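Inspection log for the structure reproduced underneath, given as structure tokens.
Residue numbers (our numbering): 632 to 1179.
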């Protein structure tokens, strides 16, 4: 049944991708879908891009294992849209295909700026990609009924995870290299509809078990958490007594990274270039806010419901990181409604939805990375801004293959880590490397290309270095490297609290210390273009407010 549902989704999306290939004729089609999507369509696709497997599987698992502290992830992802609403429309008006278009328009055609933006885009996207693929491995292990120490047709859980990551990698490479933005967008729209339908159905079934009494569900979760009387209180994951002030700072770092990171995610920024005008971009955000808000509120029922109906012991027995909690909940709820067969049917449906979620999100991430490499680095650095469209598209397709292979390799290495946690690290990198350059380009008249390069590299290198020296890699309870390896000197698991201010400092210092003079005329043009959309996407710039 599960394999059948997977096959149906894959056949449908392959058909959509082939149709998109027939209707993709140049860079405008491949990178931005011809800018032909309506606000509602792009809003669905945007929500599909944002509601990832990490949200569906990882956050539900964190809530199930950490209670109140786990739900803070949902709040952070949701609040982040307030900042996104402010910044992304301005970027959409100022850019063409990528974040680097905005930065280059502001400071001039400097190869170093394009290169820095491309490096940042690929790095952040790959970290996010790894999280989705880790979720895919955990998903398929459960759907095949492979528990630790068991096999399925001679396949161990570890082998099943690796095979799944490889399959997802091949599919995402095909979607991007063959269908471009048109194919990827329609895959995301289909996925968003399925995800909202599946999450809503599962939430209603869970709440119905407790007479739609949220308090009763939370009480049952507390009773089966293994920590009765404590599970619903803050401090199960952050700010524990043993951690003291470090735990509280780690929570603050996580919150800052989640809220500030969204506006710097390359695949979210690129999504706004697919609509024809600023009004459609605003409509996209309104649709996305409604869908994303409803979804993250429903994760409350998924996480606490899993603890109440499945129990923490059963959840950690299947996956110590809790990535399978939502799937185990689907099986338990379905079995309570229609017996074992009902449990298998609901598990198969929710599993297919999660698999669709993974394929859609990874396609968007690979597309953002390959677009940046082809458009920014190849087109504007190596070809001096004068490439042939056919050359750019060919490079983008080859880049999709290279990035996909590299992401698969990394995902296999870190397949035992919680996917929501991995995404939080990607958000911290996006907030550190991309956000300072974006904000200062839009709002600081003196900002120049030296400041852009220093801010991007300072944020990127700083966040990666802090993660490498943190308990994430060694010396912590959930470290990538096993004991007795321990070389961590930075106490926080999320680097955002330090790396984001450091990136702003690097950007400001680079600007003030360089001898390069900024162009006030360019700043005025960018301000008018960002606020009004005049001159966006190659249209003639009108005389607005005295700017050319």
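Even for Gly, the Cβ is constructed at its ideal location relative to N, Cα and C.
Predicted, not measured: the structure shown is a model, and the values here were computed from it.
{"query": "Skipping 5 residues on each side, what residues in its chain have a beta carbon closer than 6 angstroms to that of residue 804?", "result": "1031, 1032 and 1035"}
{"query": "Nearest CA to the CA of residue 855: which residue from 766, 938 and 923?", "result": "938"}
{"query": "Under DSSP, the alpha helix (DSSP H) around residue 686 begins and ends at which residues?", "result": "Neither: residue 686 is in no alpha helix (DSSP H) and is coded neither H nor E."}
{"query": "Can you give the Cα-Cα distance for residue 1025 and residue 899, rounded to whole angstroms?", "result": "23 angstroms"}
{"query": "Going by DSSP, what residue range makes up the alpha helix (DSSP H) through residue 830?", "result": "811-840"}
{"query": "Which runs of the alpha helix (DSSP H) fall wholly inside the stretch 1008-1072 and span at least 4 residues, in chain order?", "result": "1020-1044 and 1050-1064"}
{"query": "Contact check, residue 822 vs residue 991 under 8 angstroms by CB: the rounded distance?", "result": "4 angstroms"}
{"query": "Where residue 1107 and residue 1055 are concerned, what is the direct C-alpha to C-alpha distance, given to the nearest angstrom?", "result": "17 angstroms"}
{"query": "So is residue 1113 buried or exposed if we call it buried at 16+ other beta carbons inside 10 Å?", "result": "exposed"}
{"query": "Is the beta carbon of residue 923 less than 7 angstroms from the beta carbon of residue 681?", "result": "yes"}
{"query": "I'd like to check one pair, residue 1141 with residue 1093: are the Cβ atoms closer than 7 angstroms?", "result": "no"}
{"query": "State yes or no: is the C-beta of residue 764 within less than 7 angstroms of the C-beta of residue 796?", "result": "yes"}
{"query": "Looking only at C-alpha atoms, which of 988, 931, 767 and 651 sits nearest to residue 709?", "result": "931"}
{"query": "I need the straight-line Cα distance from residue 1015 to residue 741, nearest angstrom please.", "result": "10 angstroms"}
{"query": "Between residue 895 and residue 1066, is the Cβ-Cβ spacing less than 7 angstroms?", "result": "yes"}
{"query": "Leaving out five residues before and five after residue 585 in sequence, what residues of the same chain have Cβ atoms less than 6 angstroms from its Cβ?", "result": "Past the edges of the chain, shown from 632 to 1179, lies residue 585, and the structure says nothing about it."}
{"query": "Taking residue 1159 as the reference, which of 720, 743, 656 and 877 has the closest Cα?", "result": "720"}
{"query": "Decide yes or no for the touch test of the stretch 725-736 against the stretch 958-974: beta carbon pairs closer than 8 angstroms, at least 3 of them.", "result": "no"}
{"query": "Expressed to the nearest angstrom, what Euclidean distance is found between the alpha-carbon atoms of residue 658 and residue 848?", "result": "51 angstroms"}
{"query": "Enumerate, from N- to C-terminal direction, the unbroken beta strand (DSSP E) stretches of 3 or more residues contained entirely within the stretch 635-672.", "result": "none"}
{"query": "Note down the Cα distance separating residue 857 from residue 1139, rounded to an integer number of angstroms.", "result": "49 angstroms"}
{"query": "With distance defined between alpha-carbon atoms, name the residue in 1147, 921, 936 and 987 nearest to residue 852.", "result": "936"}
{"query": "Assess, as a yes-or-no matter, whether the stretch 879-897 is touched by the stretch 697-716 under the definition of 3 or more beta carbon pairs within less than 8 angstroms.", "result": "yes"}
{"query": "Which residue from 1131, 1128, 1103 and 665 puts its Cα closest to that of residue 1120?", "result": "1103"}
{"query": "How would you write the range of the alpha helix (DSSP H) that residue 1182 sits in, first residue to last?", "result": "Only positions 632 to 1179 of the chain appear in this structure, which leaves residue 1182 out of reach."}
{"query": "Less than 7 angstroms separating the beta-carbons of residue 1004 and residue 749?", "result": "yes"}
{"query": "As a quick exercise: from 1127, 916, 985 and 1090, pick the residue whose alpha carbon is nearest that of residue 1101.", "result": "1127"}
{"query": "My output table needs one value for residue 1146: the three-state DSSP class, helix, strand or coil.", "result": "coil"}
{"query": "Counting along the chain, where does the alpha helix (DSSP H) carrying residue 1155 start and finish?", "result": "1151-1163"}
{"query": "Can you tell me the Cα-Cα spacing of residue 929 and residue 897, whole angstroms?", "result": "26 angstroms"}
{"query": "Alpha carbon to alpha carbon, what distance is there between residue 882 and residue 873?", "result": "For residue 873, the pLDDT reaches just 47, beneath the cut-off of 50, and the residue's location in the model is therefore unreliable, leaving the point undetermined."}
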